[in-house]
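Residue numbers (this note's numbering): 1038 to 1440. Don't be surprised by glycine CBs; every beta carbon is placed ideally from N, CA and C. Accompanying notes for the structure given below.
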């Protein structure tokens, strides 16, 4: 009997050089990670002060304003001067609806004169000092209307017609109490009342909703850019307004916007900076803003809006808007004396427009979001962004080497 020997399978032998290569790769990766993550040096925060300065920058002016909408109109009768202070409930404009004709007013005035003649026929030549006084007022208004038509002296013709109607109505009602009513007079009274009611259907009065200053002109941005929509400001909207420099020459708007009432002591300036840079405003900081051609104003920064590659910086002002009432775009310079925690600029990192610093606490690295108040010559003044966080002098932070 022949006995066969079972062959023993030999295990695959791994070359030791494989482990050496793996070890080298791990070491290299570790070194690279260390270089990327921890290459740098410790620094110590300190107290510091600096001037924030921003050279000429195109900006937009935004107002706390209400646009008053009316029925579609043929024309407006402005009852207050442009820029005049107004109070709640004050009449600002008379709207003549689309389709209105001056013949409606003339028909009403003629009807009131018809009533007067009929009333005087009943009274006769009785002397009445009060009536004489009313007639003098009416004659004075008629003379002003004639002068306005003939010489174009700048008076508001529509307002004069309304004054005349009011004076004629007052006289009619005064005599109504003195003259015994007849069928003929009753018909004339009704005719005048009907014409007055018809005129009311073709006109509309616009009243001030609040205290402020009134403006009757528009540039097309007053509804997109106002105090209620600050959070909706975008770089595209600001750039479009800046580019449209013709908006500084104001014209009447469409046929439904009657006027604006502006809070003259609450307004804003907005401008853009780059989200990848340290230069931007910081919420609550007070800045001096030189508006080219108008003077220097002091405003307080709102929280900037980060939008892609740009930051929308907004400053709020509580001084009289004055000549800036109708200004949409301007060139501004911004400055402020600031103080806070001083660090090396290169220690700050920006991710998606947000700025951070890496603090060293108990041998661990802690990231804190910060606001940069000012930056110059490699040094920055910062503060914690979150209100509940603190940052003091003497705190260690990591300054990575930038390549």
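For residue i, the three-state DSSP class (helix, strand or coil)
| i | result |
| --- | --- |
| residue 1420 | strand |
| residue 1277 | helix |
| residue 1436 | strand |
| residue 1401 | strand |
| residue 1106 | strand |
| residue 1384 | helix |
| residue 1430 | coil |
| residue 1264 | helix |
| residue 1124 | coil |
| residue 1062 | helix |
| residue 1425 | coil |
| residue 1286 | The predicted model places residue 1286 with a pLDDT of 49, which falls under 50 and marks its position as unreliable; any figure quoted below should be read in that light. Three-state DSSP puts residue 1286 in coil, outside helix and strand. |
Per-residue burial, residue i [other beta carbons within 10 Å of its own, 16 or more giving buried]
| i | result |
| --- | --- |
| residue 1217 | exposed |
| residue 1426 | exposed |
| residue 1378 | buried |
| residue 1135 | exposed |
| residue 1105 | buried |
| residue 1190 | exposed |
| residue 1346 | exposed |
| residue 1294 | buried |
| residue 1044 | Low confidence applies here, because residue 1044 scores a pLDDT of 44, under 50, leaving its location unreliable and the question unanswered by this model. |
| residue 1162 | exposed |
| residue 1256 | buried |
| residue 1352 | buried |
| residue 1081 | exposed |
| residue 1249 | buried |
| residue 1068 | Note that residue 1068 scores a pLDDT of 46, beneath 50, so its modelled location is shaky; the value from the coordinates is reported in the next line. The residue in question, residue 1068, is exposed, as its Cβ has fewer than 16 Cβ neighbours within 10 Å. |
| residue 1213 | exposed |
| residue 1114 | buried |
| residue 1419 | buried |
| residue 1131 | buried |
| residue 1148 | buried |
| residue 1391 | exposed |
| residue 1326 | buried |
| residue 1128 | exposed |
| residue 1429 | exposed |
| residue 1221 | exposed |
| residue 1278 | buried |
| residue 1285 | Unreliable positioning characterises residue 1285 in this predicted model, as indicated by a pLDDT of 46, which lies under 50. The coordinate reading is nonetheless provided below. Exposed, since its Cβ has fewer than 16 Cβ neighbours within 10 Å. |
| residue 1336 | buried |
| residue 1424 | exposed |
| residue 1072 | Any reading at residue 1072 is ruled out, since the residue's pLDDT is 48, under 50, leaving its predicted position unreliable. |
Opening and closing residue of the alpha helix (DSSP H) in which residue i lies
| i | result |
| --- | --- |
| residue 1144 | 1139 to 1160 |
| residue 1183 | 1166 to 1188 |
Residue range of the beta strand (DSSP E) that includes residue i
| i | result |
| --- | --- |
| residue 1230 | Residue 1230 -> not in any beta strand (DSSP E); alpha helix (DSSP H) instead, spanning 1220 to 1238. |
| residue 1078 | 1077 to 1081 |
| residue 1194 | Run containing residue 1194: none in the beta strand (DSSP E); it sits in the alpha helix (DSSP H), 1194 to 1213. |
| residue 1130 | 1128 to 1134 |
| residue 1249 | 1249 to 1252 |
Contact with chain D by residue i, beta-carbon distance below 7 Å
| i | result |
| --- | --- |
| residue 1235 | No chain D appears in the structure shown, which is made up of a single protein chain. |
Jot down the residue ranges of each uninterrupted beta strand (DSSP E) in the stretch 1302 to 1378, minimum 3 residues, whole runs only, in chain order.
1323 to 1328, 1332 to 1338, 1342 to 1344, 1347 to 1354
Just checking, does the stretch 1272 to 1282 make contact with the stretch 1111 to 1121 on the three C-beta pairs under 8 Å criterion?
no
Check whether the stretch 1294 to 1312 and the stretch 1254 to 1274 are in contact - that is, three or more C-beta pairs closer than 8 Å.
yes
Should the stretch 1168 to 1179 be regarded as contacting the stretch 1087 to 1098, the criterion being three or more beta carbon pairs within less than 8 Å?
no
Kindly confirm or deny that the stretch 1311 to 1320 and the stretch 1331 to 1341 touch, where touching means at least three C-beta pairs closer than 8 Å.
yes
Does the count of Cβ pairs from the stretch 1357 to 1371 and the stretch 1393 to 1410 closer than 8 Å reach three?
no
The stretch 1188 to 1203 in contact with the stretch 1151 to 1161 per 3-pair CB rule at 8 Å
no
Are three or more beta carbon pairs between the stretch 1380 to 1388 and the stretch 1415 to 1429 nearer than 8 Å?
yes
Are the stretch 1365 to 1379 and the stretch 1083 to 1094 touching, with three or more C-beta to C-beta distances below 8 Å?
With the cut-off at 8 Å, the stretch 1365 to 1379 and the stretch 1083 to 1094 touch.
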